[in-house]
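Taking numbering that gives the first Met the number 0, the leading residue of the sequence shown gets 0, the next gets one more, and so forth.
These notes are about the structure you will find just below.
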Amino acid sequence: MHLPAENKLKQITQYINQILLDQNGTGLSAAIVKDSEIIYSKGFGHSRTHPEKKPIDGDTLMSIQSISKNFMALSLMKLAENGLINLDDPVVRHLPYFRTKDKQQSDIITIRHILTHTAGFPSDLGIANMIAPNVKEIFSDTPTEFQEALDHYQLTEDEIKSITSREDITRWFQKVELEYPVGEGWNYCTDAYVILADLFEKVSGSKWETHLQEEILIPLDMNRTTGDSAKVEQDENSARYYLGEERTETPFPKNSISAPIGYLYSTAHDLAKYLAFHLSKKPGILRPESVEDMQHPFHLVSEEWRFGSDVRSYGLAWFTDSYNGLKVVEHGGGQMAVRSLMSIVPELNLGVVVLLNFDGTAHHDICDKIIDIFNES
Numbered sequence: 000m001h002l003p004a005e006n007k008l009k010q011i012t013q014y015i016n017q018i019l020l021d022q023n024g025t026g027l028s029a030a031i032v033k034d035s036e037i038i039y040s041k042g043f044g045h046s047r048t049h050p051e052k053k054p055i056d057g058d059t060l061m062s063i064q065s066i067s068k069n070f071m072a073l074s075l076m077k078l079a080e081n082g083l084i085n086l087d088d089p090v091v092r093h094l095p096y097f098r099t100k101d102k103q104q105s106d107i108i109t110i111r112h113i114l115t116h117t118a119g120f121p122s123d124l125g126i127a128n129m130i131a132p133n134v135k136e137i138f139s140d141t142p143t144e145f146q147e148a149l150d151h152y153q154l155t156e157d158e159i160k161s162i163t164s165r166e167d168i169t170r171w172f173q174k175v176e177l178e179y180p181v182g183e184g185w186n187y188c189t190d191a192y193v194i195l196a197d198l199f200e201k202v203s204g205s206k207w208e209t210h211l212q213e214e215i216l217i218p219l220d221m222n223r224t225t226g227d228s229a230k231v232e233q234d235e236n237s238a239r240y241y242l243g244e245e246r247t248e249t250p251f252p253k254n255s256i257s258a259p260i261g262y263l264y265s266t267a268h269d270l271a272k273y274l275a276f277h278l279s280k281k282p283g284i285l286r287p288e289s290v291e292d293m294q295h296p297f298h299l300v301s302e303e304w305r306f307g308s309d310v311r312s313y314g315l316a317w318f319t320d321s322y323n324g325l326k327v328v329e330h331g332g333g334q335m336a337v338r339s340l341m342s343i344v345p346e347l348n349l350g351v352v353v354l355l356n357f358d359g360t361a362h363h364d365i366c367d368k369i370i371d372i373f374n375e376s
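Structure representation (structure tokens):
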């Protein structure tokens with residue numbers, strides 16, 4: 000049965016209301032792009048629960064976590080288009096101080112290896128998240144939790160205090176032991192995207208956030224998207240994040256040095272504009288072939304991230320898999336009480352954004368449901 004668009008959207012709204020109820024969720028915002036137009040941008044539940052309840056909407060600022068990596072990748076694609084880098088350049092060509100314990104191996108790590116998580120780094124280094132200014136607040140459930148986190152990552156408090164720049168993170172990697180030969184495996188190493196920002200800044204001579212604002216966000220009219228945590232915290236329409244049935248507010252996710260790994264903030268509506276650009280492939284921000292390159296699967300991912308998916312691969316800050324026979328290109332993110340997902344389904348010319356301020360899998364459930372509804376013919 001072919002549902003008119005209005006009926007489809009009504010069905011989606013009913014489903015989201017129900018799932019928020021079923022999962023006892025605090026709030027979420029969702030947006031849908033169809034044929035390069037934003038046809039849906041809506042909030043459900045609350046962006047904050049105290050001191051007073053505030054409704055959430057499509058323009059509520061929310062942490063997008065690892066979706067931030069896609070913006071970092073896009074910036075590097077622009078450098079490549081301008082001839083300032085080649086993605087297959089060794090990182091040391093641009094950052095001579097970059098190395099791991101095995102210098103011979105790390106000398107052959109390329110920009111593309113880091114972008115695609117195939118450099119050989121371990122997946123659980125912790126350094127980029129542990130330098131958050133409120134890290135002690137994050138690990139404060141017990142008197143020893145912060146020390147336990149340091150021990151888990153084999154870090155010291157002095158070590159994390161000594162990191163004051165992106166270059167410091169790059170230099171920190173000299174203590175890292177590769178888990179497999181360069182290019183021969185896949186490990187999602189979130190920390191390594193800080194190296195990419197360091198490289199971007201050294202090559203371009205400008206701060207990554209400045210470039211992001213001027214070359215990507217302003218041209219795409221993404222005027223609510225930012226890396227400025229202070230600005231976001233002060234914004235009246237910005238979310239807070241809640242854990243469990245008691246809805247305990249969690250520490251605000253902020254970490255400016257590590258912005259490219261997961262500390263940008265956006266809205267469902269802004270990210271819908273971003274997906275419209277990736278779907279339309281209209282020249283402007285990037286050449287159409289560069290947009291294609293980003294979405295092209297580069298390396299097989301061994302873990303099955305999405306239940307019921309076929310083979311899952313990773314491109315340039317995009318996961319690719321298939322859902323009910325359709326190719327899906329997506330990236331999500333998550334931290335304590337934060338969940339984010341943006342997906343595009345090229346065959347349906349469809350884009351979906353779901354942002355949550357609570358834990359769980361509602362973002363994937365909603366995205367799958369939206370794809371199902373638009374896939375009905």
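Just so you know, even glycine gets a beta-carbon here, dropped at the ideal spot from N, CA and C.
Predicted model, so just to flag it, every value in this text is computed and none were measured.
Where residue i and residue j are concerned, what is the direct C-alpha to C-alpha distance, given to the nearest angstrom?
i           : j           : result
residue 255 : residue 374 : 40 Å
residue 96  : residue 76  : 23 Å
residue 321 : residue 26  : 28 Å
residue 355 : residue 61  : 8 Å
residue 116 : residue 185 : 6 Å
residue 377 : residue 45  : Any property of residue 377 remains undetermined from this structure, which presents the chain solely from 0 to 376.
residue 10  : residue 41  : 14 Å
residue 208 : residue 214 : 10 Å
residue 198 : residue 88  : 11 Å
residue 286 : residue 250 : 39 Å
residue 170 : residue 157 : 15 Å
residue 388 : residue 67  : Residue 388 is absent from the model: the chain starts at 0 and stops at 376.
residue 106 : residue 314 : 22 Å
residue 360 : residue 15  : 12 Å
residue 272 : residue 236 : 19 Å
residue 333 : residue 32  : 22 Å
residue 367 : residue 159 : 39 Å
residue 140 : residue 337 : 18 Å
residue 144 : residue 138 : 5 Å
residue 111 : residue 37  : 32 Å
residue 245 : residue 72  : 38 Å
residue 39  : residue 194 : 36 Å
Could you check where the alpha helix (DSSP H) with residue i kicks off and where it finishes?
i           : result
residue 12  : 4–21
residue 368 : 361–374
residue 151 : 144–152
residue 49  : Taken as a continuous stretch (DSSP letters only), residue 49 belongs to no alpha helix (DSSP H), as it is neither H nor E.
residue 168 : 165–171
residue 197 : 192–203
residue 207 : 207–210
For residue i, count the other beta carbons within 10 Å of its own beta carbon; 16 or more makes it buried, fewer makes it exposed. Which is it?
i           : result
residue 94  : buried
residue 340 : buried
residue 150 : exposed
residue 335 : exposed
residue 0   : For residue 0, the pLDDT reaches just 45, beneath the cut-off of 50, and the residue's location in the model is therefore unreliable, although a value from the coordinates is still provided. Burial call: exposed.
residue 252 : buried
residue 20  : exposed
residue 243 : exposed
residue 342 : buried
residue 299 : exposed
residue 49  : exposed
residue 81  : exposed
residue 204 : exposed
residue 369 : buried
residue 64  : buried
residue 247 : exposed
residue 229 : exposed
residue 163 : exposed
residue 362 : buried
residue 217 : exposed
From what residue to what residue does the beta strand (DSSP E) around residue i run?
i           : result
residue 343 : 337–344
residue 30  : 26–33
residue 157 : Careful: residue 157 lies outside any beta strand (DSSP E), inside the alpha helix (DSSP H) at 156–160.
residue 355 : 349–355
Would you mind stating whether residue i and residue j have Cβ atoms separated by less than 8 Å?
i           : j           : result
residue 270 : residue 188 : no
residue 365 : residue 7   : no
residue 47  : residue 238 : yes
residue 127 : residue 227 : no
residue 259 : residue 152 : no
residue 119 : residue 104 : yes
residue 231 : residue 264 : yes
residue 181 : residue 108 : yes
residue 276 : residue 284 : yes
residue 278 : residue 348 : yes
Between residue i and chain E, is there a C-beta pair that is closer than 8 Å?
i           : result
residue 152 : Among the protein chains of the structure shown there is no chain E, as only one such chain exists.
**Asked** What are the uninterrupted segments assigned as alpha helix (DSSP H) that are 4 or more residues long and contained completely in the region 89–140, given in chain order?
**Response** 90–93, 102–105, 110–114, 126–129 and 134–137
Hey, which unbroken runs of the alpha helix (DSSP H) at 4 residues or more fall wholly within the region 268–335? 287–294
For this session: Scan the region 226–259 and note each continuous alpha helix (DSSP H) run of 4 residues or more that stays entirely inside, going in chain order.
Result: 228–233
Which runs of the alpha helix (DSSP H) at least 4 residues long sit entirely within the region 53–86? Give them in chain order.
67–80
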